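Residue numbering for the sequence shown is 6 to 216, as defined by the working numbering. A virtual CB, placed ideally from N, CA and C, is assigned to each residue, including glycine. If you're wondering where the values come from, they're calculated on a predicted model, not measured in any experiment.
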Amino acid sequence: MTDRTEVEPNRLERRKARTRAALVTAAQTFIATGKPNAPILEITQAADVGMGSFYNHFQSREDLFQAAVEEALEKHGAVLDHLTEGMDDPAEVFAQSFRLTGRMHRRLPTLSKVLLNTGLALTASDKGLAPRARRDIEAAARSGRFQAPDAELAMTIVSGAALCLGQLLHDHPERDDAAATDQVTENLLRMFGIPADEAHEICSRPLPSLD
Numbered sequence: 006m007t008d009r010t011e012v013e014p015n016r017l018e019r020r021k022a023r024t025r026a027a028l029v030t031a032a033q034t035f036i037a038t039g040k041p042n043a044p045i046l047e048i049t050q051a052a053d054v055g056m057g058s059f060y061n062h063f064q065s066r067e068d069l070f071q072a073a074v075e076e077a078l079e080k081h082g083a084v085l086d087h088l089t090e091g092m093d094d095p096a097e098v099f100a101q102s103f104r105l106t107g108r109m110h111r112r113l114p115t116l117s118k119v120l121l122n123t124g125l126a127l128t129a130s131d132k133g134l135a136p137r138a139r140r141d142i143e144a145a146a147r148s149g150r151f152q153a154p155d156a157e158l159a160m161t162i163v164s165g166a167a168l169c170l171g172q173l174l175h176d177h178p179e180r181d182d183a184a185a186t187d188q189v190t191e192n193l194l195r196m197f198g199i200p201a202d203e204a205h206e207i208c209s210r211p212l213p214s215l216d
């Protein structure tokens, strides 16, 4: 027979986790809709939790919004890690990650808008997309696949391309997101020194599903 003293803490922890997740999800929605200054009361109402519950998890609205951005970044980064697992060529890893991220803007619009509305903070973040992209660029440079002696400068270019592409795809829903993303990725590969025909071939390869 299960000890009641073991069941109750587990149930409490699950309830706390659900409450925190609801607050983070609500915050991500407010960020995505351009409302970073929403009152805490409005956030708790959207999450369907009590005001007191908010302060059991976060010290301030800014604390919550930072967690919401970091978790969105880390979630997408973890997906990319999973979908590029086992790939040996760092240039191909970079290309596949960028191509999948470009497709995310239409398939995961809330996450996309969280990323877009946090803008240039992405470049300096130690979570999510930025450290993974920097890792892939540095690995490709070390192996001789990329001509990218300055990883920080390369990251600035890649981050700008990713953000501007996302905004373009939201502003022009009639545009083919896959074709646009693959063209931008191909251009980045060529900028990093990959021959044009190989860059095109890499960006024509089938992708795993974001689902």
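In the DSSP assignment, find the unbroken alpha helix (DSSP H) run with residue i in it and report its ends.
i: Ala-159; result: 156 to 176
i: Ser-130; result: Looking at the DSSP string, Ser-130 is not in any alpha helix (DSSP H), and its letter there is neither H nor E.
i: Leu-116; result: 114 to 123
i: Glu-191; result: 182 to 196
i: Met-56; result: 56 to 62
What number of angstroms, rounded off, separates the C-alpha of residue i from the C-alpha of residue j?
i: Ile-142; j: Val-29; result: 31 Å
i: Cys-208; j: Val-74; result: 29 Å
i: Asp-53; j: Ala-26; result: 11 Å
i: Glu-90; j: Pro-213; result: 11 Å
i: Arg-16; j: Gly-57; result: 19 Å
i: Glu-67; j: Arg-108; result: 29 Å
i: Ser-130; j: Pro-136; result: 7 Å
i: Thr-24; j: Arg-210; result: 41 Å
i: Thr-49; j: Leu-134; result: 28 Å
i: Leu-168; j: Thr-123; result: 10 Å
i: Arg-180; j: His-110; result: 12 Å
i: Phe-99; j: Leu-46; result: 41 Å
Find out if the Cβ-Cβ distance for the pair residue i, residue j is shorter than 7 Å.
i: Leu-174; j: Asp-182; result: yes
i: Lys-104; j: Thr-161; result: Here residue 104 is Arg; the residue named in the question, Lys, does not match the sequence. Their beta carbons are not under 7 Å apart, which means Arg-104 does not touch Thr-161 by this criterion.
i: Ser-102; j: Leu-120; result: no
i: His-177; j: Glu-191; result: no
i: Ala-43; j: Phe-35; result: yes
i: Lys-118; j: Glu-79; result: no
By alpha-carbon positions, which one of the options ends up nearest to residue i?
i: Gln-152; options: Gln-64, Thr-190 and Gly-198; result: Gly-198
i: Gly-55; options: Thr-123, Arg-20, Thr-190 and Lys-40; result: Arg-20
i: Gly-171; options: Arg-195, Val-189, Ser-65 and Glu-90; result: Val-189
i: Leu-113; options: Met-92, Asn-42, Glu-206 and His-81; result: His-81
i: Ile-41; options: Thr-106, Ser-65 and Arg-140; result: At residue 41 the sequence reads Pro, which differs from the Ile that was named. The shortest C-alpha separation from Pro-41 is found at Ser-65.
i: Ala-145; options: Thr-123, Pro-95, Asn-122 and Leu-78; result: Pro-95
Mapping the DSSP letters down to three states, classify residue i as helix, strand or coil.
i: Val-29; result: helix
i: Asn-42; result: coil
i: Pro-211; result: coil
i: Phe-35; result: helix
i: Phe-70; result: helix
Does any residue of chain D bring its CB to less than 7 Å from the CB of residue i?
i: Gly-149; result: In summary, chain D is missing from the structure at hand, where a single protein chain is found.
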